[in-house]
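Engineer: In terms of numbering that gives the first Met the number 0, the sequence shown has 101 at position 102, counting the first letter as 1, and numbering is strictly consecutive.
Built from N, CA and C at the ideal position, the CB exists for glycine as well.
Since this is a predicted model, take the numbers as computed values, not measurements.
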Amino acid sequence: MNKSLLILSLAYLVFALPSSFMDSRKFRISLPFLAFGALAIIFCRFFVLSQPFLPYFKNLAVALASAFLIYFCTRVLTAGGLGFGDVFFGMFSALYTGFYMNIIATVFAALLGVLYYLFLAVVQNIKKKQHIHRPLFAIPFVPFITAGSLLSMLLFWVIA
0 MNKSLLILSL
10 AYLVFALPSS
20 FMDSRKFRIS
30 LPFLAFGALA
40 IIFCRFFVLS
50 QPFLPYFKNL
60 AVALASAFLI
70 YFCTRVLTAG
80 GLGFGDVFFG
90 MFSALYTGFY
100 MNIIATVFAA
110 LLGVLYYLFL
120 AVVQNIKKKQ
130 HIHRPLFAIP
140 FVPFITAGSL
150 LSMLLFWVIA
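1. Suppose the cutoff is 8 Å on Cβ atoms and the five residues either side in sequence are ignored; what does the same chain contact list for Ala62 look like?
2. Judging by CA-CA distance, which residue of Tyr55, Gly79, Ala66 and Arg74 is the nearest neighbour of Ile163?
3. With a CB to CB cut of under 6 Å and the five nearest residues on each side skipped, what residues in its chain are close to Thr105?
4. Within this structure, are the beta carbons of Phe160 and Phe14 separated by less than 9 Å?
5. By how many angstroms is the C-alpha of Leu5 removed from the C-alpha of Tyr116?
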């Protein structure tokens, strides 16, 4: 594995795993913790990995804008089913993945979330022994964003 990708992934995981755990337990994430994580990712990109500033800054701006638009539009379309913590965490993951990988990460996150929801619906139907038209339960989305980001970067590592 590329050393720079490993360092960047470790910096991401230090902040993404506690946020995923917190979201799965309390349906809340700490925004100051995410802000500190965003600074750590930017620090790793520019100072530890010595990436050129201008090309990465353009990619970063497009990635953040696209992540905000994707997750905010999803929040509006789901009538608040996706919280602002998910929107901000999507932007945090965009810092890690970049623009193109962020789109792939979002697709992976959505697919994993749907598969998890279907699994829970089947388990709920089996436990109640009756057909439930629409199961009602809340699912935290931050763990799926984390998994989607890691899968997209793993895909990038395998392809590149």
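Structural biologist: Answer, in terms of the structure:
1. Answer for Ala62: Ala93, Leu94, Thr96, Gly97, Phe98 and Asn101, listed in chain order.
2. With the chain covering only 0 through 159, there is no way to say anything about residue 163.
3. A distance below 6 Å between beta-carbons, with the five flanking residues on each side excluded, links Thr105 to the following residues of its chain, in chain order: Ile69.
4. Residue 160 lies beyond the residue range present for the chain, which begins at 0 and ends at 159; the question has no answer from this structure.
5. Rounded to whole angstroms, Tyr116 and Leu5 show a C-alpha spacing of 31 Å.
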